[in-house]
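Presented below is the structure to which this report refers.
Protein chains: 2
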Amino acid sequence: MGAGVVEIVEVGPRDGLQNESVILDVPARVAYIEALAATGLRRIEAVSFVNPARVPQMADAEAVMAAVSRPDGVSYSGLVLNKRGLDRALATGLHEVNMVVVATDTFSARNQGMSTAEAISATASIAATARAAGLSVTVTVAAAFGCPFEGEVRPERVAEIVRQCADAGLTEVALADTIGVAVPQDVRTLVAAVRAETSLPLRCHFHNTRNTGYANALTALEAGVTALDASSGGIGGCPFAPAATGNIATEDLLYALGRSGIDAGIDMTPLLAASAYIEERLGHANPALLGRAGVFPPGEAS
Amino acid sequence: MGAGVVEIVEVGPRDGLQNESVILDVPARVAYIEALAATGLRRIEAVSFVNPARVPQMADAEAVMAAVSRPDGVSYSGLVLNKRGLDRALATGLHEVNMVVVATDTFSARNQGMSTAEAISATASIAATARAAGLSVTVTVAAAFGCPFEGEVRPERVAEIVRQCADAGLTEVALADTIGVAVPQDVRTLVAAVRAETSLPLRCHFHNTRNTGYANALTALEAGVTALDASSGGIGGCPFAPAATGNIATEDLLYALGRSGIDAGIDMTPLLAASAYIEERLGHANPALLGRAGVFPPGEAS
Numbered sequence: 001m002g003a004g005v006v007e008i009v010e011v012g013p014r015d016g017l018q019n020e021s022v023i024l025d026v027p028a029r030v031a032y033i034e035a036l037a038a039t040g041l042r043r044i045e046a047v048s049f050v051n052p053a054r055v056p057q058m059a060d061a062e063a064v065m066a067a068v069s070r071p072d073g074v075s076y077s078g079l080v081l082n083k084r085g086l087d088r089a090l091a092t093g094l095h096e097v098n099m100v101v102v103a104t105d106t107f108s109a110r111n112q113g114m115s116t117a118e119a120i121s122a123t124a125s126i127a128a129t130a131r132a133a134g135l136s137v138t139v140t141v142a143a144a145f146g147c148p149f150e151g152e153v154r155p156e157r158v159a160e161i162v163r164q165c166a167d168a169g170l171t172e173v174a175l176a177d178t179i180g181v182a183v184p185q186d187v188r189t190l191v192a193a194v195r196a197e198t199s200l201p202l203r204c205h206f207h208n209t210r211n212t213g214y215a216n217a218l219t220a221l222e223a224g225v226t227a228l229d230a231s232s233g234g235i236g237g238c239p240f241a242p243a244a245t246g247n248i249a250t251e252d253l254l255y256a257l258g259r260s261g262i263d264a265g266i267d268m269t270p271l272l273a274a275s276a277y278i279e280e281r282l283g284h285a286n287p288a289l290l291g292r293a294g295v296f297p298p299g300e301a302s
Numbered sequence: 001m002g003a004g005v006v007e008i009v010e011v012g013p014r015d016g017l018q019n020e021s022v023i024l025d026v027p028a029r030v031a032y033i034e035a036l037a038a039t040g041l042r043r044i045e046a047v048s049f050v051n052p053a054r055v056p057q058m059a060d061a062e063a064v065m066a067a068v069s070r071p072d073g074v075s076y077s078g079l080v081l082n083k084r085g086l087d088r089a090l091a092t093g094l095h096e097v098n099m100v101v102v103a104t105d106t107f108s109a110r111n112q113g114m115s116t117a118e119a120i121s122a123t124a125s126i127a128a129t130a131r132a133a134g135l136s137v138t139v140t141v142a143a144a145f146g147c148p149f150e151g152e153v154r155p156e157r158v159a160e161i162v163r164q165c166a167d168a169g170l171t172e173v174a175l176a177d178t179i180g181v182a183v184p185q186d187v188r189t190l191v192a193a194v195r196a197e198t199s200l201p202l203r204c205h206f207h208n209t210r211n212t213g214y215a216n217a218l219t220a221l222e223a224g225v226t227a228l229d230a231s232s233g234g235i236g237g238c239p240f241a242p243a244a245t246g247n248i249a250t251e252d253l254l255y256a257l258g259r260s261g262i263d264a265g266i267d268m269t270p271l272l273a274a275s276a277y278i279e280e281r282l283g284h285a286n287p288a289l290l291g292r293a294g295v296f297p298p299g300e301a302s
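Listed in order, the protein sequences are those of chains A and B.
Residue 1 is where the first sequence starts when you use UniProt numbering, and the numbers rise one by one after that.
Residue 1 is where the second sequence starts when you use UniProt numbering, and the numbers rise one by one after that.
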């Protein structure tokens, strides 16, 4: 891997907090997002427009977006699963909506109450409206590397899902290892299969559930992916398993990238401060390691 | 990375336990080693012949080696830092001695009370005696990817250390990221630099201190390294930092290897049992993730 640049999409305020048992109030979520926006991060998944009865951690997305400051150059995105969610999102002045298509029918039914094919159709309709409103529109293919219910997922199936979604006028497609089972070889195989179906920019979303997340992230960049999701602190692990990890941690990823000569445009010191803030609010140790281990060589953090 | 084989050297009983605050008695250490020997692991670093006043966790190496069963095909190694340690090791019927040369003078002085050059000389003398006694002899170059006192370590310096050690008649050289700072690019660079100086088999030793250990391990194999150190459970992290990790975990590495089509000849189910045993004896959660997350697809563990 040589010198280069990469875009990190910070998903702590959404995918991270959504999977924590502690429910934060609006001011705490706003403070967390603003701390992240001060690090140099240019893309932040800030909220989710889903049913608050199902995901209470993500309630009050409108209040969060009304309160949060909007620094120049920072793009906020929100998760949208249906037309109702899109209407809410459009009213908040978001820059980007992210939709989800689960790669297997079983998981799709449990997550969104529809088949994969139905989710692709819904995505096309939402994407058209969002694009007309001037927003960036991305689709995340969830369980793209494996499904907790159906097991292995064929790369050809994921590539076909991407091909069908790409027709909807997206700005980017993300491949998500939702349950953290992939290894670098899987990443190379799937990125190549998807690349054959679309010229859209590709993003990857890794969880470190089995300690392969960082290897996968670095491999994805070698394979041509231009953006990576990560959550500050690595928050979002199941709160009932102390060492279980959520998303790969933004600071640990930033360390690996920086030492590899890859510029993510993010300052480590304020990023570690944002992670320390959310760790204190969540009341348990972050899975991220860099905050404890420190940068190397010492004193290098900007 | 394609199909292949790799040798895993299990270092939990030595590098793992040495860095835990709980001191286990001889029967517990013997039970742990025997549980590991039943997994298919063929190389186990079982003991250390250092001063028990400095490393009380490793006291009574003779008693451990006298009690432990010796299954066919399992090679036990012990850490030896000087002539006194070698004399003790030779009396126990070990198969292999492992020596350490620290790549920087400052760290070497703190670790062994001598400069790097002096450690290389001592190594040559010990190696000659051990080889004459029919043992395998390996040298681990510690702090090969970075030093906690001197910072960056030049690959040329490590390559020169390896060149000088190789003259002593070794069977293998190991490159250790003792403080867990390396990224895959560092691994590629250092392995190439060392390979230019010796045709000896190369082993790597990674800590997951900054979440780069598994990426480094997979990269080392791609770069031609044929053996990897790992500790079951990932034990050996500093006991005063809950999420700080020690060596890369044998089970997490085995998962990544298996899914990459690389055979390590180890059965996951008894390995997880060995990790569960040592977790209970140490009284805190292992950093390894696979025991909690489970294999994928479910039910695949042998």
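The C-beta atom is built at its ideal place from N, Cα and C for all residues, glycine as well.
- Looking at the DSSP output, E10 (chain A) bridges to A:I44, A:A230.
- A direct Cα-to-Cα measurement between C147 (chain A) and R84 (chain B) gives close to 55 Å.
- Of the candidates B:M114, B:A166, B:G246, B:T140, B:A166 places its Cα closest to the Cα of E197 (chain B).
- In this structure, the CA atom of D229 (chain B) is about 6 Å from the CA atom of I8 (chain B).
- Here T212 (chain A) is not bridged, per DSSP, to any residue.
- Its chain contains S231, I235, G236, G246, N247 as the residues whose beta carbon lies nearer than 7 Å to that of G16 (chain B), once the 5 sequence neighbours on both sides are disregarded; these appear in chain order.
- Taking a C-beta cut-off of 7 Å against chain A, the contacting residues of the stretch 200-226 of chain B are T209, R210, N211, T212, Y214, A215, L218, listed in chain order.
- Taken through DSSP and simplified to helix, strand or coil, F149 (chain B) comes out as coil.
- If you check the CB distance, Y277 (chain B) and A119 (chain B) do not come in under 8 Å.
- Here the alpha carbon of G258 (chain B) sits roughly 8 Å from the alpha carbon of A264 (chain B).
- When C-beta distances to chain A are compared with 7 Å, the residues of the stretch 278-298 of chain B below that value are A285, P287, L289, L290, R292, A293, F296, P297, in chain order.
- Within the same chain, A61, G78, L79, V80, G85, R88, A89 come within 7 Å of F49 (chain B) by CB-CB distance, once the 5 residues on both sides are set aside.
- Comparing alpha-carbon positions, the option among B:A122, B:E152, B:M65 lying closest to R14 (chain B) turns out to be B:M65.
- Not flagged as an interface residue toward chain B: Q18 (chain A), since no C-beta distance is shorter than 8 Å.
- By the Cβ rule, the stretch 202-219 of chain B counts as touching the stretch 171-184 of chain B, because three or more pairs are nearer than 8 Å.
- Contact annotation: the stretch 207-215 of chain B does not touch the stretch 22-41 of chain B, with fewer than three C-beta pairs closer than 8 Å.
- Within chain A, no residue has its CB atom less than 9 Å from the CB of V187 (chain B), the nearest being about 11 Å off.
- Y76 (chain B) has B:I44 as its beta-bridge partners, per DSSP.
- When C-alpha distances from R70 (chain A) are compared across A:A53, A:M58, A:L36, A:P52, the shortest belongs to A:L36.
- Taking a C-beta cut-off of 7 Å against chain B, the contacting residues of the stretch 148-169 of chain A are G151, E152, listed in chain order.
- S260 (chain B) reaches chain A at V183, P184, Q185, counting residues in chain order whose Cβ is nearer than 8 Å.
- Taking the Cα positions, T138 (chain A) is about 22 Å away from I266 (chain A).
- Contacts between G146 (chain A) and chain B, judged by CB atoms closer than 8 Å, involve F296, P297 in chain order.
- Proximity of D252 (chain A) to chain B, defined by a Cβ-Cβ separation below 8 Å, is satisfied.
- Contact of A249 (chain B) with chain A is assigned, a C-beta pair being separated by under 8 Å.
- Residues of the stretch 77-90 of chain A with a C-beta less than 9 Å from any C-beta of chain B: none at all.
- Shown here, N111 (chain A) sits in a helix according to DSSP, grouped into three states.
- Boundaries of the beta strand (DSSP E) harbouring D177 (chain A): 172-177, taken from the DSSP string.
- In the structure shown, I161 (chain A) falls within a helical segment according to DSSP collapsed to helix, strand and coil.
- Counting the other Cβ atoms within 10 Å of the Cβ of A46 (chain B) gives 16 or more, which makes it buried.
- Here the alpha carbons of A168 (chain A) and A28 (chain A) stand approximately 36 Å from one another.
- Proximity of chain B to G180 (chain A) at the Cβ level (cut-off 9 Å) is accounted for by L289, A293, F296, in chain order.
- In its chain, beyond the 5 residues on either side, A166, L170, E172, V173 have a beta carbon closer than 7 Å to the beta carbon of L200 (chain B).
- At a cut-off of 8 Å between beta carbons, A130 (chain B) makes no contact with chain A.
- Within the same chain, Cβ atoms closer than 6 Å to the Cβ of V162 (chain B) are found at V173, V194, E197, T198, the five residues on either side in sequence being excluded.
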